[in-house]
Amino acid sequence: MARSSRYHSPYDADDLDWDLRIMGLVLLSLFLSLVFLLTREIIAEFAEKPEFQISNLAVSNLTVSRDLALTGNWEANFLVANPNKNLPLKLQGIRAYIYYHNKHTKISQRISLGQPVEVPARQERVIRISRMRVEQPDDVIVDEIHKRMNENSAVIFGLRLAMEASFRVIGTDLKFWCSSDCMRLRVELEGVWPPYAEAFIDGDGKKCLTSLRDKGEVREKVDGTLEHRTEALND
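Heads up, the final residue of the sequence shown is numbered 245 in this note's numbering, and it's a clean run with no missing numbers.
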């Protein structure tokens, strides 16, 4: 009498159930990842821009040599406000440029922060930039500034800020470049030698025009200092 034999399939019922569970977990993970990315992008799309306002622009020891070499120590105070209710803002580096009218004076500053400076949601921070070193501008620009100095008259400057920044969105950092232009800053010369100049800004400060773009690579590094404090925004 022949003995019946049973064929053992490599995939029995238990193995099939396990494979289905694994596949379900993979599909669920992909779905949750997609939902996370879409939610993150939607939140970022409707995030409000940081607001910048310059409160002071000053220069000490402003001198022009006989060979039209311009020297001076620049300082600037500006306020950064984060109007978002639930998105902390981080500033990871700042470059500052001084302009003379519409001509770039090549006075620049790169501040490398040891740790990111965070502006909490619905908070503002006052930042002081100092030790802005002069990168020698064109002789025509220096000559125009020198004439203004001799006349003890006002000089119009502009300040541009470019910084690495990020919003904290659902536990991740959404990085971008943020630039802010504070133009037509009236700087009065005090009439002492070396002259001391300070920006004449009406009221509590002058708002700056802010724009955002995708994060780029930082190429310029210049030593500097940065001070900050945090204050609550008025409701």
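Virtual Cβ for every residue (Gly too), placed ideally from N, Cα, C.
The beta strand (DSSP E) enclosing residue i, as first and last residue numbers
i	result
Asp191	182-199
Lys100	99-110
Ala175	165-179
Arg132	No beta strand (DSSP E) contains Arg132, which DSSP labels as neither H nor E.
Contact check, residue i vs residue j, beta carbons under 7 Å
i	j	result
Cys218	Asp183	no
Ala172	Phe186	no
Val152	Val74	yes
Pro60	Val36	no
Glu208	Ala68	yes
Lys157	Pro126	no
Arg178	Tyr107	no
Distance cut-off 6 Å: residue i Cβ against heavy atoms of the ligand ATP
i	result
Lys185	Here there are no bound small molecules, and the ligand ATP is not part of this structure.
Residue burial classification, residue i (beta-carbon count within 10 angstroms, cutoff 16)
i	result
Met159	buried
Lys95	exposed
Gly168	buried
Trp84	buried
Asn92	buried
Arg135	buried
Val197	buried
Arg194	exposed
Arg105	buried
Leu222	exposed
Trp28	exposed
Gly34	exposed
Leu72	buried
Collapsed DSSP secondary structure at residue i in the structure displayed
i	result
Arg158	helix
Ser43	helix
Leu78	coil
Glu85	strand
Tyr61	The residue asked about is misnamed: residue 61 is Glu in this sequence, not Tyr. Looking at Glu61 - three-state DSSP - the assignment turns out to be strand.
Ile211	coil
Alpha-carbon spacing of residue i relative to residue j, whole angstroms
i	j	result
Ser2	Ala86	The requested residue 2 is not part of the displayed model; the chain covers only 11 to 245.
Tyr109	Phe56	32 Å
Gln199	Val45	Checking the displayed sequence, the identity of residue 199 turns out to be Leu instead of Gln. Taking the straight line joining both Cα atoms gives about 58 Å.
Ile155	Val165	7 Å
Thr220	Leu78	34 Å
Gln63	Arg138	12 Å
Arg31	Leu42	16 Å
Arg132	Met142	30 Å
Gly181	Leu80	47 Å
Ser39	Pro98	27 Å
Gly103	Ser189	12 Å
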